[in-house]
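Counting from 63, one number per residue, gives the positions in the sequence shown under our numbering.
The C-beta atom is built at its ideal place from N, Cα and C for all residues, glycine as well.
In this text, all values refer to a predicted model and were calculated from it rather than measured experimentally.
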Amino acid sequence: MGCSPSPEEIVAAHMAGAVPERSDEIRALWIRYHPEVIVAQDAKHITLNATKDRIKFDAKTMDVFWLIGFSGWRAIECYSPHVTVSAVSGQTIERIIADDEGLAEIEFAYKERRAAAQSLIDATDQATAPWPPDLPRPNSSRDAACDPQYKAAFDLTCLAVAFTLFHEFRHVMLDRDEQRPQDLREEELACDVWAREFMTAKLAAYAQYHGHDYHEVLRKRSMGFALAALILHEITPVWDHGGNNAYFSVGTRLQTIIENTPLPDDDHFWVLAASLLIGIFRQKGQSISAPPTKPRSLTRHLLAGL
């Protein structure tokens, strides 16, 4: 009988699987820094942190990330038509949403799933919070369903989780190498930037070697980052959205992750990013004062308003 993989092996394999063009580098870095991966007992709120010796999280936190990722994919169903129509019609997002009589039902289902994620965050363990019956569990197989939408959400959520793991691994590296900035907020931002850049730096060569379109591959990775940004927003307590001694504001961090993505102004990535941000604004009951514009400009406007 074979042995089950260790938490360290699972985390390293997930990171390498998300960035296959750098899998050898990832394994070499993992051997060099060899952090212990501690799967803690489930607790209220979120458990995810790192030191020079270890990365620590609980199973419930991974479930939260999974649930937010799959729920975030539903934002496309809710709001992408409004983003697209606004760009070509000259009408504002607020006006188009107000005129959409069919939105309420779709939006209610989306908000229910986001509420389920918040319930899971507030729970002391996985068993005490409801799980939406139409969303897969994290241990579900990608090939278990034929629905291409399911597979797309699965892939992007895996990328979002990988982004968070690369972020934490960077903390390990900085601490071990005694390169941590004095300002804890700068360290968090630096880890966001490093995770994004590490996951994209060799993407062009990878796409060319495998005969893929570079923009398509970059789009997929970047959509995963956008879901990671949504996860960051959702797991940050409301009272810390403006920042604290350890973190810059959520708006600043989301801008860092999303804003400078080198894709065309009307790329599907910007439609997804804008849709996720509209969902945040709608959840808060915050008005959307953006003028009619292309998806990229709309995304930037929404990021500035967080």
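- Judged by DSSP secondary structure, Phe119 falls within the beta strand (DSSP E) whose first and last residues are Arg116 to Asp120.
- Between His229 and His303, the alpha-carbon positions lie close to 19 Å from each other.
- Cys208 counts as exposed, since fewer than 16 other C-beta atoms from the protein chains shown sit within 10 angstroms of its C-beta.
- It is roughly 25 Å from the alpha-carbon of Ala263 to the alpha-carbon of Leu338.
- With respect to the 8 Å criterion, Leu364 and Ile340 are classified as neighbours on the basis of their beta carbons.
- In the DSSP assignment, Leu182 falls within the unbroken alpha helix (DSSP H) covering Leu165 to Asp184.
- Pairing Trp92 with Ala74 gives a Cβ-Cβ distance under 8 Å.
- Excluding residues up to 5 positions away in sequence, Leu365 lie with their Cβ nearer than 7 Å to the Cβ of Gln317 in the same chain.
- With respect to the C-alpha of Ala257, the residue from Glu167, Gly286, Leu246 and Leu197 having the closest C-alpha is Gly286.
- Residue range Leu110 to Ala112 is occupied by the beta strand (DSSP E) that includes Ala112.
- In this structure, Phe127 lies away from Val234, with their beta-carbon atoms at least 8 Å apart.
- Here Lys106 is near Ala185, since their CB atoms are less than 8 Å apart.
- Note: Val101 is bridge-paired with Phe119 in the DSSP secondary-structure output.
- The alpha-carbon of Val145 is positioned some 21 Å away from that of Arg176.
- The beta carbons of Ala335 and Ala288 sit about 5 Å from each other, so the pair counts as a contact at 8 Å.
- Under a 10 Å Cβ-count criterion, Gly164 is classified as exposed, with fewer than 16 other Cβ atoms of the shown protein chains found around its own Cβ.
- Rounded to the nearest angstrom, the gap between the Cα atoms of Leu236 and Arg157 is 47 Å.
- Straight-line measurement puts the Cα of Gln244 at about 46 Å from the Cα of Pro210.
- Taking the C-beta atoms as reference points, Arg238 is found no nearer than 8 Å to Ala308.
- Classified as buried, Phe310 has 16 or more neighbouring CB atoms from the shown chains inside 10 Å of its CB.
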